[in-house]
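Here is the structure we will look at.
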Amino acid sequence: MNEIKSIVIIGLAVFLALIVLLLLLFILSPKPTAMLVYRWFEGGVAVKPDNYEEIEEQVQIKCDLSYDSAYKKGNLDIIAPKKFSGKLPVIFWVHGGAFLGGDKSDITEYAVQVASKGYIVVNMNYELAPGAKYPTPLHQVNEAYQFIGKQAEAYRMDMDRLYFAGDSAGAQIISQFVNVQVDEEYAQLIGIKGIVPPEKILGALLFCGPYDVSKFGGTSDSFLINFLFDRVGWAYIGERKWSSSDKVREASMIDHVSANFPPTFITDGNTGSFEEQGMELSAKLHESGVTVVDVFYSKEAAELGHEYQFIMNTPQARQTYEKLIEFLIDTDLHSRRITKVNQLSL
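With the working numbering applied, the sequence shown covers 32 to 377.
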């Protein structure tokens, strides 16, 4: 009996020691959180529409093309209609995953649906934190843009009609990337030179993004969520006391958008996401005179979680998709009218 008690006590001691060690690892480094988040986001949340196979038949996908990145995960997919004449507008898309997880494959089904409406979607990967820290993803969007510029003729892409899109962390990355292109003062502030002529950017497409990075930790009623998001900020910004870093103020787009920002489509879910930040960014853009189409739903209509727009068996996701396509059509037509007027004036 004493031997059994000794074995039980030793077992409990080992178990408790492992728990303490695990807690210490989470406290002393952001890497365990990064591993957890990476697993958490595997596979994405997308639900296909009922007619997805029919839609998929209308497009072709070139997978895993290297865009010659100086960093890891420098590959992208090109998704385009099988049949079209002339050249088509291009949508660059950056996936989400809290900067620590996610993959371009999470976007494929949605990108297929958008491409079927007459767009070429460039769906890109980027190196994740903590292996790559802020602002590495911005540099990789630069690289992807330059690579696509060299391929544009072969794929019949109209590089004068560009959209930049992102979901979750990707929405933050894209909002920052776009601001670099359209606001020289902001580009100088963060030390990244714009390479896309602002007049070629027809719109920004922002889904469920965090636009005030300082609020990653300490804003939830849940200790666990605050703890995890604090580690997310640490992993991406690269500093233990990341919330007081100048990098956080740079990356918080609510404080930096201006009238220079292009027309914007913005949406978010209303449960467990960043809806308040999305609404605040939308208000700032409206105040600056930027054309904004925002799509938000009350909880009375439905409780919609983070990345709800990809769950296409809900009426809200379908409605958001329809509004997105309307936005793309309207901004493209507006751009072509302006181009025609300018040509006539010459």
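For every residue, glycine included, the Cβ atom is placed at its ideal position computed from N, Cα and C.
If you draw a straight line from the Cα of N344 to the Cα of D299, it comes to about 17 Å.
In this structure, A129 lies away from S206, with their beta-carbon atoms at least 8 Å apart.
In the same chain as V209, and ignoring 5 residues on each side of it, the C-beta atoms closer than 8 Å to its own belong to F195, I232, A235, F292 and P293, in chain order. By the beta-carbon neighbour count (other beta carbons within 10 angstroms, threshold 16), Q219 is exposed.
Within the model, the alpha-carbon separation for K224 versus A282 is close to 15 Å. When the five nearest sequence neighbours on each side are left out, the beta carbons in the same chain lying within less than 6 Å of the beta carbon of F72 are those of G128, G132 and G133, in order along the chain. Going by beta carbons, P161 and A65 fall inside the 8 Å limit. In the three-state reduction of the DSSP assignment, V211 falls in the helix class, which pools H, G and I. Taking the C-beta atoms as reference points, L312 is found nearer than 8 Å to I285. Straight through space, the alpha carbons of I342 and V78 are spaced by roughly 5 Å. Taking C-beta separations shorter than 8 Å and ignoring five residues to either side along the sequence, the partners of G197 in its chain run W124, V125, H126, G127, Q203, I204, I205, S206, L236, L237, F238 and G240, following chain order.
Collapsing the DSSP output to three states places P229 in a helix.
The C-beta separation of K103 from A175 comes to about 14 Å, leaving the pair out of contact by the 8 Å criterion. When rounded, the separation of the alpha-carbon atoms in D261 and Y352 is 32 Å. The DSSP-derived three-state label of R187 is coil.
Short of 6 Å from the beta carbon of D191, and not among the five residues preceding or following it, lie these beta carbons of its own chain, in chain order: K231. For L107, the enclosing beta strand (DSSP E) begins and ends at N106 to P112. Every beta strand (DSSP E) of 3 residues or more that sits fully in the segment 307 to 350 is shown, in chain order, as 323 to 326. For T64, the secondary structure class from DSSP, reduced to helix, strand or coil, is helix.
Rounded to the nearest whole angstrom, the CA to CA distance from I179 to Y98 is 8 Å. A straight line joining the alpha-carbon of F247 with that of L159 spans about 17 Å.
In the DSSP assignment, F247 forms no beta bridge with any residue.
Taking the Cα positions, I92 is about 42 Å away from K272.
Closest in C-alpha terms to V143, from the list M155, K118, P112 and Q171, comes P112. Within the same chain, I86, Q89, V90 and P112 come within 7 Å of S147 by CB-CB distance, once the 5 residues on both sides are set aside. Judged by beta-carbon spacing, A266 lies beyond the 8 Å limit of P63, meaning their Cβ atoms are not closer than that value. A straight line joining the alpha-carbon of N154 with that of I109 spans about 6 Å.
For K278, the enclosing alpha helix (DSSP H) has its first and last residue at D277 to A282. For N154, DSSP records a beta bridge to D108 and W124. Within its own chain, the residues whose Cβ lies closer than 8 Å to the Cβ of L259, once the five positions on either side in sequence are excluded, are T64, L67 and V68, listed in chain order. DSSP, reduced to helix, strand and coil, places L169 within a helical segment of the structure shown. S100 counts as buried, since at least 16 other C-beta atoms from the protein chains shown sit within 10 angstroms of its C-beta. Looking at the backbone, the Cα of K118 and that of L364 are separated by about 14 Å. Going by beta carbons, Y157 and G269 fall outside the 8 Å limit. About 5 Å separates the beta carbon of F296 from that of V324, a gap short enough to meet the 8 Å contact definition.
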